[in-house]
């Protein structure tokens with residue numbers, strides 16, 4: 147899971163990073179009240195959404211008085227931010243982070259991510275941090291420095307000193323940078339992060355390094371060993387409709403109009419490919435949880451049907467080890483009893499409990515068309531899609 | 002013949018006393034030679050008990066010593082699964098098949114490091130297991146859809162394997178062995194390893210490989226095939242239409258930084274002489290055309 151900037155900063159605090167003074171607000175009044183507790187006389191009000199590029203699209207506002215902070219907080223809270231990373235619908239802002247503004251001398255980029263294919267950690271560093279790091283890297287890819295780090299051993303100091311030099315740092319900043327890299331390595335390991343990106347890592351007044359923004363992804367498989375993550379997870383789930391929809395299963399909304407309810411990630415991908423091969427457009431990707439219950443299937447089905455523009459539902463299941471066709475059928479029935487499914491439903495069942503699943507659907511009068519094979523299902527969907 | 006497992010394989014279930022381990026071991030025992038094959042269970046602290054007539058031991062080493070088993074299957078829950086694999090490796094088993102889904106990435110990286118000097122083969126994690134039809138099934142796949150034959154199947158996805166096996170069945174084509182290598186990026190056996198074994202297996206005539214977006218395993222496999230394979234290889238790569246930057250179900254299924262696309266994989270595989278179909282409903286027919 148990705149965590150918000152303010153959550154990442156809180157998690158990282160104990161590793162010795164320097165952040166400007168900041169606090170969270172959920173209302174304009176709260177924002178105004180907390181200004182007395184923050185140092186400085188100028189602040190930034192930052193929208194907390196789980197997508198980047200906020201700065202260029204109005205998600206970060208400057209304010210130089212308490213009333214200004216209150217005003218900008220009011221403007222941001224409840225508004226919907228659209229950036230290249232949010233999708234066309236944008237994301238609604240429910241929380242802001244108010245931070246003391248600092249004078250920036252220069253902006254660096256520093257990240258450590260887990261390369262699962264090479265089975266090692268990779269440190270990425272660039273002198274061209276800040277907004278638009280991607281474009282900077284496209285114009286001049288050689289400005290990105292790459293170091294391989296061991297998962298268990300601390301990085302070599304001599305190598306980090308060399309890196310600090312490449313970043314054009316001198317004097318006290320060199321040690322500051324080496325410490326920041328070591329701390330980041332420790333944080334990735336101890337927090338079970340898949341990636342932590344400090345961008346920008348800025349040289350600020352008083353000649354020190356400050357982490358101004360953080361992007362951080364936690365390994366979902368490791369949530370169980372960190373008590374602090376369950377609170378973060380719950381909080382983010384409450385505020386984020388998309389996040390809520392994803393809980394328990396992996397859902398990715400796509401542009402098309404054929405909703406997909408498929409058992410298993412590989413078959414789900416293959417089903418998307420099959421639709422496209424026949425000029426049909428999938429409305430979503432969805433992977434059910436490994437041992438799906440009737441309720442899991444029902445929740446997944448509801449999520450698919452609530453997708454932007456589903457004109458037909460394609461249920462493709464090969465009953466196997468963990469999820470059987472009858473469970474999928476029960477999930478469909480649950481949804482149908484609550485809110486009649488109005489769009490055409492094409493069901494292709496094969497494998498374990500196929501007959502039982504089909505019988506259940508028939509008994510509960512769920513209006514489906516059954517297909518024996520994927521090809522047959524495609525024929526039916528194409529016919530329906532002509533409208 | 003077959004690869005990895007056959008009617009003479011003797012198996013230890015790690016996580017035997019848990020619901021999943023017990024249930025699937027029961028199903029595996031009911032398949033073909035399973036009754037004789039599943040000889041031991043391991044759950045630390047439960048040694049001396051038995052589950053459905055199978056003796057439970059405290060450690061893999063003890064179970065191996067007492068029963069002569071050389072293979073284990075792991076159903077242990079994610080927090081302890083990597084340690085269970087480590088234990089099987091330390092006991093010098095020949096093969097460990099890990100079914101468990103959701104092992105922390107850093108745990109698996111450490112486990113793979115420890116295995117660097119070991120001869121134990123790991124299949125999975127997050128996989129359906131391995132089956133040699135009519136002889137033995139170790140894992141969670143439905144046994145009855147398979148039947149004995151001369152086509153080897155290797156796949157990253159469980160349900161997609163069942164789909165392929167179903168298509169082969171309709172065409173009367175049986176399988177020598179089916180291997181699910183799992184959808185995690187940090188795993189044991191790769192496509193390339195399995196295809197090498199199939200290529201050396203006298204009772205496999207053709208090979209089907211189901212890959213998916215993410216990583217470069219399929220490409221590496223293709224290059225090995227171009228130089229070494231003597232048998233026809235059919236392939237399908239799932240995720241040709243997946244959007245970049247989104248994780249599609251499997252932790253490994255992600256197109257990142259323009260890498261790991263199906264387009265790239267398909268083109269490399271074709272250059273390497275692999276027969277690739279872009280139609281997931283046409284995999285069976287493709288195999289049929291290759292074996293006549």
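Chains as they are written, first to last, in the working numbering: chain S, 147 to 533; chain G, 2 to 293.
Built from N, CA and C at the ideal position, the CB exists for glycine as well.
Nearest to residue 371 of chain S (by Cα), restricted to the options G:195, G:105, G:181: Translated into positions along the first chain, residue 371 of chain S becomes position 225. Nearest option by C-alpha distance: G:105.
- prompt: How would you list, in chain order, the residues of chain C whose beta-carbon sits under 8 Å from the beta-carbon of residue 497 of chain S?
  reply: The chain inventory of the structure shown lacks chain C, comprising the protein chains S and G.
- request: Check distances from the C-beta atoms of the stretch 269-288 of chain G to those of chain S and list, in chain order, the residues that come in under 7 Å.
  value: 279, 280, 281, 282
query: Looking only at its own chain, which residues have a Cβ that is under 6 Å from the Cβ of residue 236 of chain S, when we skip the five neighbours before and after it?
result: If you number the first chain from 1, residue 236 of chain S lands on position 90. Closer than 6 Å at Cβ, skipping near neighbours: 226, 227, 228.
Unbroken stretches of the beta strand (DSSP E), 3 residues or longer, contained in the stretch 191-268 of chain S: Taking only runs of at least 3 residues, the beta strand (DSSP E) segments lying wholly in the stretch 191-268 of chain S are 206-209, 242-246, 250-261.
message: Any beta carbon from chain G within less than 7 Å of residue 269 of chain S's own beta carbon?
response: For this step, residue 269 of chain S is matched to residue 123 along the first chain. No, because no Cβ of chain G sits closer than 7 Å to the Cβ of residue 269 of chain S.
- request: Inspect the CB distances between the stretch 221-230 of chain G and the stretch 19-39 of chain G and report whether three or more fall short of 8 Å.
  value: no
- prompt: From residue 319 of chain S to residue 273 of chain S, what distance separates their C-alpha atoms?
  reply: What you label residue 319 of chain S is simply residue 173 of the first chain in a count that begins at 1. What you label residue 273 of chain S is simply residue 127 of the first chain in a count that begins at 1. Their Cα atoms are separated by approximately 14 Å.
- request: Starting from residue 362 of chain S, follow the beta strand (DSSP E) in both directions and report where the run begins and ends.
  value: As a position in the first chain, residue 362 of chain S is number 216, starting the count at 1. First-last of the beta strand (DSSP E) with residue 362 of chain S: 360-364.
task: Please report how far the alpha carbon of residue 188 of chain S lies from the alpha carbon of residue 181 of chain S, in whole angstroms.
output: Translated into the one-based positions of the first chain, residue 188 of chain S becomes position 42. Translated into the one-based positions of the first chain, residue 181 of chain S becomes position 35. Each residue's alpha carbon lies about 10 Å from the other.
Residues near residue 110 of chain G in its chain [Cβ-Cβ closer than 8 Å; skip 5 each side]: Numbered from its first residue, the second chain carries residue 110 of chain G at position 109. The residues are 187.
- prompt: With DSSP run on the structure shown, which of helix, strand or coil describes residue 228 of chain G?
  reply: If you number the second chain from 1, residue 228 of chain G lands on position 227. Reduced to three states, the DSSP call for residue 228 of chain G is helix.
query: With contact counted as at least three CB pairs below 8 Å, one residue from each stretch, are the stretch 436-453 of chain S and the stretch 480-493 of chain S in contact?
result: yes
message: Within a Cβ cutoff of 6 Å, which residues of the same chain sit near residue 68 of chain G, ignoring the five residues on either side of it in sequence?
response: Numbered from its first residue, the second chain carries residue 68 of chain G at position 67. Spatial neighbours of residue 68 of chain G in its own chain (CB-CB distance under 6 Å, excluding positions within 5 residues in sequence) are listed in chain order as 40, 41.
- request: Could you check what DSSP says for residue 105 of chain G in three-state terms: helix, strand or coil?
  value: Counting from 1 along the second chain, the entry for residue 105 of chain G is found at position 104. Assignment of residue 105 of chain G by DSSP, reduced to helix, strand and coil, places it in the coil class.
message: Taking 7 Å as the threshold (beta carbon to beta carbon), is residue 205 of chain G in contact with chain S?
response: Counted from its first residue, the second chain places residue 205 of chain G at position 204. No - not a single Cβ of chain S is within 7 Å of the one on residue 205 of chain G.
query: By the criterion of Cβ-Cβ separation under 9 Å, what are the contact partners of residue 133 of chain G in chain S?
result: Numbered from its first residue, the second chain carries residue 133 of chain G at position 132. Those within 9 Å of residue 133 of chain G in chain S number zero; the least Cβ separation is about 17 Å.
CB of residue 511 of chain S within 7 Å of CB of residue 476 of chain S, strictly: Translated into positions along the first chain, residue 511 of chain S becomes position 365. Translated into positions along the first chain, residue 476 of chain S becomes position 330. In this structure, residue 511 of chain S lies away from residue 476 of chain S, with their beta-carbon atoms at least 7 Å apart.
- prompt: For residue 296 of chain G, which residues in chain S fall below 7 Å Cβ to Cβ?
  reply: Lying outside 2 to 293, the shown extent of chain G, residue 296 of chain G is not represented and no answer is given.
query: Going by the CB atoms, is the gap between residue 134 of chain G and residue 115 of chain G shorter than 7 Å?
result: Along the second chain, one-based indexing puts residue 115 of chain G at 114. Along the second chain, one-based indexing puts residue 134 of chain G at 133. No, these two residues do not count as a Cβ contact at 7 Å.
- request: Below 7 Å between beta carbons is the criterion; list the residues of the stretch 113-132 of chain G that meet it against any residue of chain S, in chain order.
  value: With the criterion set as a beta carbon lying under 7 Å from some beta carbon of chain S, the members of the stretch 113-132 of chain G are 113, 129, in sequence order.
- request: Assign residue 275 of chain G to one of two classes, buried (16 or more other C-beta atoms within 10 Å of its C-beta) or exposed (fewer than that).
  value: Within the second chain, residue 275 of chain G is the residue found at index 274, counting from 1. Label assigned to residue 275 of chain G: buried.
query: Looking at chain G, which residues of the stretch 147-160 of chain S have a Cβ within less than 7 Å of any of its Cβ atoms?
result: Against chain G - using a Cβ distance shorter than 7 Å - the stretch 147-160 of chain S contributes no residues.
message: List, in chain order, every chain G residue whose beta-carbon is nearer than 8 Å to that of residue 297 of chain S.
response: Indexing the first chain from 1 puts residue 297 of chain S at position 151. Result: 107, 110, 111, 114.
- prompt: If we call anything under 7 Å between Cβ atoms a contact, is residue 426 of chain S one with residue 527 of chain S?
  reply: For the purposes of this step, residue 426 of chain S is taken as the residue at position 280 of the first chain. For the purposes of this step, residue 527 of chain S is taken as the residue at position 381 of the first chain. Cβ distance < 7 Å, so residue 426 of chain S and residue 527 of chain S count as in contact.
- prompt: Less than 7 Å separating the beta-carbons of residue 304 of chain S and residue 291 of chain S?
  reply: The residue given as residue 304 of chain S occupies position 158 in the first chain. The residue given as residue 291 of chain S occupies position 145 in the first chain. Cβ distance not < 7 Å, so residue 304 of chain S and residue 291 of chain S don't count as in contact.
message: Can you pull the chain G neighbours of residue 431 of chain S, defined as C-beta to C-beta under 8 Å?
response: Numbered from its first residue, the first chain carries residue 431 of chain S at position 285. Contact annotation for residue 431 of chain S against chain G: 243, 247, 249, 250 [CB-CB distance below 8 Å, chain order].
Euclidean distance between Cα positions of residue 172 of chain G and residue 202 of chain G: Taking the second chain and counting its residues from 1, one reaches residue 172 of chain G at position 171. Taking the second chain and counting its residues from 1, one reaches residue 202 of chain G at position 201. Taking the straight line from one Cα to the other gives about 23 Å.
- prompt: Would a check of beta-carbon distances place residue 239 of chain G closer than 7 Å to chain S?
  reply: The residue you call residue 239 of chain G lines up with position 238 of the second chain. It does: the Cβ of residue 239 of chain G has a partner Cβ on chain S nearer than 7 Å.
field: Chain-ordered neighbours of residue 537 of chain S on chain G, where CB pairs are closer than 7 Å
entry: Here chain S covers residues 147 to 533 and nothing more, so residue 537 of chain S does not appear.
query: Going by the CB atoms, is the gap between residue 263 of chain G and residue 238 of chain G shorter than 7 Å?
result: Position 237 of the second chain, counted from the first residue, corresponds to residue 238 of chain G. Position 262 of the second chain, counted from the first residue, corresponds to residue 263 of chain G. In this structure, residue 238 of chain G sits near residue 263 of chain G, with a CB-CB distance shorter than 7 Å.
task: State the DSSP-derived secondary structure class of residue 182 of chain S, mapped to helix, strand or coil.
output: If you number the first chain from 1, residue 182 of chain S lands on position 36. In the structure shown, residue 182 of chain S sits in a helix (DSSP, three-state: H, G or I).
message: If you reduce the DSSP assignment to three classes, tell me which class residue 99 of chain G lands in.
response: In the second chain, counting from the first residue as 1, residue 99 of chain G sits at position 98. Residue 99 of chain G falls in the strand class under three-state DSSP.
- prompt: Is the Cβ-Cβ distance between residue 458 of chain S and residue 508 of chain S less than 7 Å?
  reply: As a working note, residue 458 of chain S is residue 312 in the first chain. As a working note, residue 508 of chain S is residue 362 in the first chain. Contact: no.
Within chain G, the residues that residue 370 of chain S reaches when beta carbons sit closer than 7 Å: Counting from 1 along the first chain, the entry for residue 370 of chain S is found at position 224. Those within 7 Å of residue 370 of chain S in chain G are 80.
- request: Hey, could you find the ends of the beta strand (DSSP E) residue 494 of chain S is sitting in?
  value: The count along the first chain starts at 1 and reaches residue 494 of chain S at position 348. Residues 491-497.
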